[in-house]
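Take a look at the structure set out below.
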Amino acid sequence: MKYLLIFLLVLAIFVISVTLGAQNDQQVTFNYLLAQGEFRISTLLAVLFARGLCHWLADLRPVLAAGACLTGARGAEN
1 MKYLLIFLLV LAIFVISVTL GAQNDQQVTF NYLLAQGEFR ISTLLAVLFA RGLCHWLADL
61 RPVLAAGACL TGARGAEN
């Protein structure tokens with residue numbers, strides 16, 4: 001339940017930031033490893049936030065799986 005609330009909070013922040021950022025048409029130059037590109041700042045922030053969220057969820061998956069195994073093991077003992 002705790003992880004669901006955290007996920008919903010992060011999702012709400014993401015939706016609000018995309019909604020507010022959509023009003024900003026400013027172009028920025030983003031330098032990455034081998035090249036650079038011109039992006040709208042709202043698009044760049046949304047893409048980077050989504051990428052970070054995906055990595056966070058991928059790192060959280062083993063923790064959730066281990067917790068589920070421990071819960072199942074405790075249930076078997078009782």
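Using the UniProt record's numbering, the final residue of the sequence shown is 78, and nothing's skipped along the way.
Ideal placement from N, C-alpha and C gives every residue a C-beta, glycine not left out.
Computed from a predicted model, the values in this text were never measured in an experiment.
Given residue i as reference, the closest of the options once Cα atoms are compared
{"i": "T29", "options": "M1, I6, T43 and G21", "result": "T43"}
{"i": "L45", "options": "L20, I6, L9 and Y3", "result": "L20"}
C-alpha distance - residue i paired with residue j, whole-angstrom precision
{"i": "Q26", "j": "E38", "result": "10 Å"}
{"i": "I41", "j": "R51", "result": "15 Å"}
{"i": "L5", "j": "A22", "result": "26 Å"}
{"i": "L11", "j": "A35", "result": "31 Å"}
{"i": "S17", "j": "N24", "result": "11 Å"}
{"i": "A66", "j": "H55", "result": "18 Å"}
Cβ-Cβ distance between residue i and residue j below 8 Å
{"i": "F14", "j": "F49", "result": "yes"}
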